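K.L.:
Supplied in structure tokens, the structure appears directly below.
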Amino acid sequence: MNDTGTTTQRGGGIPAQPEARATTTAAQPAATAPAPGVIAGAGPTARPGERPTVRLREGGEAGEPPRYAPEWLQLREPADAAARAGELVDPLRIRLANLPRRGGGLVVHDLGCGTGSMGRWLAPRLDGAQHWVLHDRDPYLLHFAAVASPRAAADGSRVTVETRRGDLARLTPDALAGASLVTASALLDVLTGEEVEALAAACAGAGCPALLTLSVAGRVELAPHDPLDAEITQAFNAHQRRSGLLGPDAVTAACAAFAARGATVRVRPSPWRLGPGDPELTAQWLRGWVGAAVEQRPGLAARAGKYLAARLATCAAGELRVTVHHSDLLALCRPAGGAS
Numbered sequence: 000m001n002d003t004g005t006t007t008q009r010g011g012g013i014p015a016q017p018e019a020r021a022t023t024t025a026a027q028p029a030a031t032a033p034a035p036g037v038i039a040g041a042g043p044t045a046r047p048g049e050r051p052t053v054r055l056r057e058g059g060e061a062g063e064p065p066r067y068a069p070e071w072l073q074l075r076e077p078a079d080a081a082a083r084a085g086e087l088v089d090p091l092r093i094r095l096a097n098l099p100r101r102g103g104g105l106v107v108h109d110l111g112c113g114t115g116s117m118g119r120w121l122a123p124r125l126d127g128a129q130h131w132v133l134h135d136r137d138p139y140l141l142h143f144a145a146v147a148s149p150r151a152a153a154d155g156s157r158v159t160v161e162t163r164r165g166d167l168a169r170l171t172p173d174a175l176a177g178a179s180l181v182t183a184s185a186l187l188d189v190l191t192g193e194e195v196e197a198l199a200a201a202c203a204g205a206g207c208p209a210l211l212t213l214s215v216a217g218r219v220e221l222a223p224h225d226p227l228d229a230e231i232t233q234a235f236n237a238h239q240r241r242s243g244l245l246g247p248d249a250v251t252a253a254c255a256a257f258a259a260r261g262a263t264v265r266v267r268p269s270p271w272r273l274g275p276g277d278p279e280l281t282a283q284w285l286r287g288w289v290g291a292a293v294e295q296r297p298g299l300a301a302r303a304g305k306y307l308a309a310r311l312a313t314c315a316a317g318e319l320r321v322t323v324h325h326s327d328l329l330a331l332c333r334p335a336g337g338a339s
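What follows is the structure in structure tokens.
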């Protein structure tokens with residue numbers, strides 16, 4: 000994920016024609032069995048062996064698709080859940096309530112779903128039956144997301160899931176046909192400007208709202224203060240913008256892209272607030288954040304090594320507090336047919 004500051008890139012997948020489809024079958028009464036390729040949320044299960052993080056935009060070993068480290072996604076999930084801007088859920092619920100209801104309930108596309116944390120956070124906050132379509136390039140993460148999906152909506156209605164493997168770069172309005180909502184978490188800032196434009200165009204073309212959470216804002220606050228904080232932050236932000244990625248500029252670009260297509264856009268802060276109760280997450284974040292800064296500016300290496308050692312010691316002593324600023328964006332696109 001982008002907040003690690005590593006060279007790993009978050010990507011999601013929603014191809015016009017999926018490269019492959021991964022499905023899992025959950026045991027259930029025949030009378031309520033879903034259509035082929037759809038499973039009822041199976042609830043959290045024990046995870047298989049973990050794999051190391053590798054770059055998403057580069058090929059994996061032996062032709063395997065690149066992967067995120069599930070242990071990092073699991074470690075950050077509570078902080079993500081606490082940070083997301085819950086005040087955006089009510090206007091989203093109002094919009095969804097006013098959309099034409101389909102027989103199967105809401106259809107939610109989760110782009111770059113990782114292990115499915117967005118669904119576990121949002122599905123229990125929305126009413127009515129839901130069918131989540133989970134998109135990612137990594138079949139390993141898609142399996143995790145499917146088996147750990149929520150079982151029920153806020154009102155007890157059924158939640159079902161299917162997974163699709165594919166590439167966000169091939170997103171089209173046709174791929175979102177029938178969608179009630181598009182979601183993503185920690186995705187916008189690892190897209191290019193062209194990919195953000197494509198995402199906005201696809202959502203606008205499908206007439207569905209988009210809830211895009213936890214995009215980095217380019218600001219970090221650490222206490223106690225260190226003179227090197229600002230330089231590390233600047234180098235990290237430059238790393239986030241490498242190779243045409245938007246990094247901290249992503250939310251501004253997305254706001255413009257959605258607004259240009261007639262959407263009403265709301266942005267709210269969603270900061271991580273890490274303290275003595277989050278030593279493992281804070282330590283992992285520090286290593287990635289400083290590592291990315293050094294990768295971007297190798298001349299920082301000597302000073303950054305001492306800085307990191309001191310920060311990790313302060314963290315281990317329970318004396319470090321970190322605020323990592325993010326932004327959540329809700330784009331209420333005009334429903335298909337032009338209704339407001």
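According to numbering that gives the first Met the number 0, the stretch in the sequence shown is residues 0 to 339, in order.
Yeah, the Cβ is synthetic: ideal placement off N, Cα and C, and Gly gets one too.
Remember, it's a predicted structure, so these values are computed and weren't measured experimentally.
Taking the alpha-carbon positions, what's the T23 to W71 distance?
P.N.:
Here residue 23 refers to the residue found at position 24 of the sequence shown. Here residue 71 refers to the residue found at position 72 of the sequence shown. Annotation note: pLDDT 33 at T23 (below 50); position unreliable, coordinate value reported separately. Spanning the two alpha carbons is a distance of roughly 24 Å.
K.L.:
In whole angstroms, what separates the C-alpha of H134 from that of L141?
P.N.:
To locate residue 134, count along the sequence shown from 1; it is residue 135. To locate residue 141, count along the sequence shown from 1; it is residue 142. Their backbone Cα atoms lie some 7 Å apart in a straight line.
K.L.:
Mapping the DSSP letters down to three states, classify E318 as helix, strand or coil.
P.N.:
Along the sequence shown, one-based indexing puts residue 318 at 319. It is coil, neither helix nor strand.
K.L.:
Is L186 helix, strand or coil by DSSP?
P.N.:
Taking the first residue of the sequence shown as 1, we reach residue 186 at position 187. Coil at L186, not helix or strand.
K.L.:
Determine, using beta-carbon pairs with one atom in the segment 286-295 and one in the segment 170-186, whether at least three such pairs fall under 8 Å.
P.N.:
No: fewer than three Cβ pairs fall under 8 Å.
K.L.:
In whole angstroms, give me the CA-to-CA distance for G48 and S179.
P.N.:
Taking the first residue of the sequence shown as 1, we reach residue 48 at position 49. Taking the first residue of the sequence shown as 1, we reach residue 179 at position 180. Here the model assigns G48 a pLDDT of 35, short of 50, so the residue's position is not dependable, and the following value carries that caveat. Between G48 and S179, the C-alpha separation is close to 35 Å.
K.L.:
Using the rule of at least 16 other Cβ atoms within 10 Å of the residue's Cβ for burial, across every protein chain shown, is I93 buried or exposed?
P.N.:
Counted from its first residue, the sequence shown places residue 93 at position 94. With fewer than 16 other Cβ atoms within 10 Å, it is exposed.
K.L.:
Less than 7 Å between C-beta atoms, sequence neighbours within five positions excluded: which residues of the same chain meet that for A153?
P.N.:
Within the sequence shown, residue 153 is the residue found at index 154, counting from 1. Cβ neighbours of A153 beyond the five flanking positions: P123, R124, L125 and D126.
K.L.:
Helix, strand or coil: which one does DSSP assign to R157?
P.N.:
On the sequence shown, position 158 is the one that residue 157 refers to. Residue state, collapsed to three classes: strand.
K.L.:
Considering only their Cβ atoms, is the gap separating A147 from D327 smaller than 7 Å?
P.N.:
As a first step, residue 327 is located in the sequence shown; it is residue number 328 there, counting from the start. As a first step, residue 147 is located in the sequence shown; it is residue number 148 there, counting from the start. No, the pair does not count as a contact, with Cβ atoms beyond the cut-off.
K.L.:
Is L187 closer than 7 Å to A144 when the C-beta atoms are compared?
P.N.:
For the purposes of this step, residue 144 is identified with residue 145 of the sequence shown, where counting begins at 1. For the purposes of this step, residue 187 is identified with residue 188 of the sequence shown, where counting begins at 1. No, the pair does not count as a contact, with Cβ atoms beyond the cut-off.
K.L.:
Quick one: measure Cβ to Cβ for L87 and L273, integer angstroms, because I've assumed they're closer than 8 Å.
P.N.:
Residue mapping note: residue 87 aligns to position 88 of the sequence shown, counting from 1. Residue mapping note: residue 273 aligns to position 274 of the sequence shown, counting from 1. That pair is no contact at about 22 Å.
K.L.:
Touching or not, the segment 275-292 and the segment 308-315, by the rule of three or more beta carbon pairs under 8 Å?
P.N.:
Touching, per the Cβ criterion.
K.L.:
Kindly provide the ranges of any beta strand (DSSP E) runs that are 3 or more residues long and lie completely inside the segment 236-284, ordered along the chain.
P.N.:
Complete beta strand (DSSP E) runs here, min 3: 263-268 and 271-273.
K.L.:
Roughly how far, in whole angstroms, is the beta-carbon of P270 from the beta-carbon of H224, given that I think they are within contact range, below 8 Å?
P.N.:
The residue given as residue 270 occupies position 271 in the sequence shown. The residue given as residue 224 occupies position 225 in the sequence shown. Not a contact, Cβ separation roughly 17 Å.
K.L.:
Please list, in chain order, all residues of the same chain as A205 whose beta carbon is under 6 Å from its beta carbon, the five residues on each side excluded.
P.N.:
Position 206 of the sequence shown, counted from the first residue, corresponds to residue 205. Excluding positions up to five away in sequence, the list reads P172, L175 and A178.
K.L.:
Do S116 and E76 count as a contact pair if the criterion is CB distance below 7 Å?
P.N.:
Position 77 of the sequence shown, counting from 1, holds the residue named residue 76. Position 117 of the sequence shown, counting from 1, holds the residue named residue 116. Contact flag set, yes.
K.L.:
Need the endpoints of the alpha helix (DSSP H) that A144 sits in, please.
P.N.:
Mapped onto the sequence shown, residue 144 falls at position 145. Here the alpha helix (DSSP H) through A144 covers P138 to V146.
K.L.:
For L331 versus T251, is the C-beta distance shorter than 7 Å?
P.N.:
As a first step, residue 331 is located in the sequence shown; it is residue number 332 there, counting from the start. As a first step, residue 251 is located in the sequence shown; it is residue number 252 there, counting from the start. No, the pair does not count as a contact, with Cβ atoms beyond the cut-off.
K.L.:
Roughly how many angstroms lie between the CA atoms of V181 and L319, to the nearest whole one?
P.N.:
The residue labelled residue 181 in the question sits at position 182 within the sequence shown. The residue labelled residue 319 in the question sits at position 320 within the sequence shown. Approximately 36 Å between the Cα atoms of the pair.
K.L.:
Can you find the residues in the same chain that come closer than 6 Å, C-beta to C-beta, to R218, ignoring five residues on each side of it along the sequence?
P.N.:
Residue 218 sits at position 219 when you count from the first residue of the sequence shown. The residues are H324.
K.L.:
Using three-state DSSP, classify A330 as helix, strand or coil.
P.N.:
Residue 330 sits at position 331 when you count from the first residue of the sequence shown. Three-state DSSP puts A330 in a strand.
K.L.:
How many whole angstroms separate the CB atoms of V215 and P247, which I take to be in contact at a CB cut-off of 8 Å?
P.N.:
The residue given as residue 215 occupies position 216 in the sequence shown. The residue given as residue 247 occupies position 248 in the sequence shown. About 6 Å; that satisfies the 8 Å criterion.
K.L.:
Along the chain, where does the alpha helix (DSSP H) containing R119 start, and where does it finish?
P.N.:
Along the sequence shown, one-based indexing puts residue 119 at 120. Counting along the chain, the alpha helix (DSSP H) containing R119 begins and ends at S116 to L121.
K.L.:
Identify, in the order they occur along the chain, each residue of the same chain with its Cβ nearer than 7 Å to the Cβ of Q334, setting aside the five sequence neighbours on each side.
P.N.:
On the sequence shown, position 335 is the one that residue 334 refers to. At residue 334 the sequence reads Pro, which differs from the Gln that was named. Same-chain partners within the cutoff: L98 and G206.
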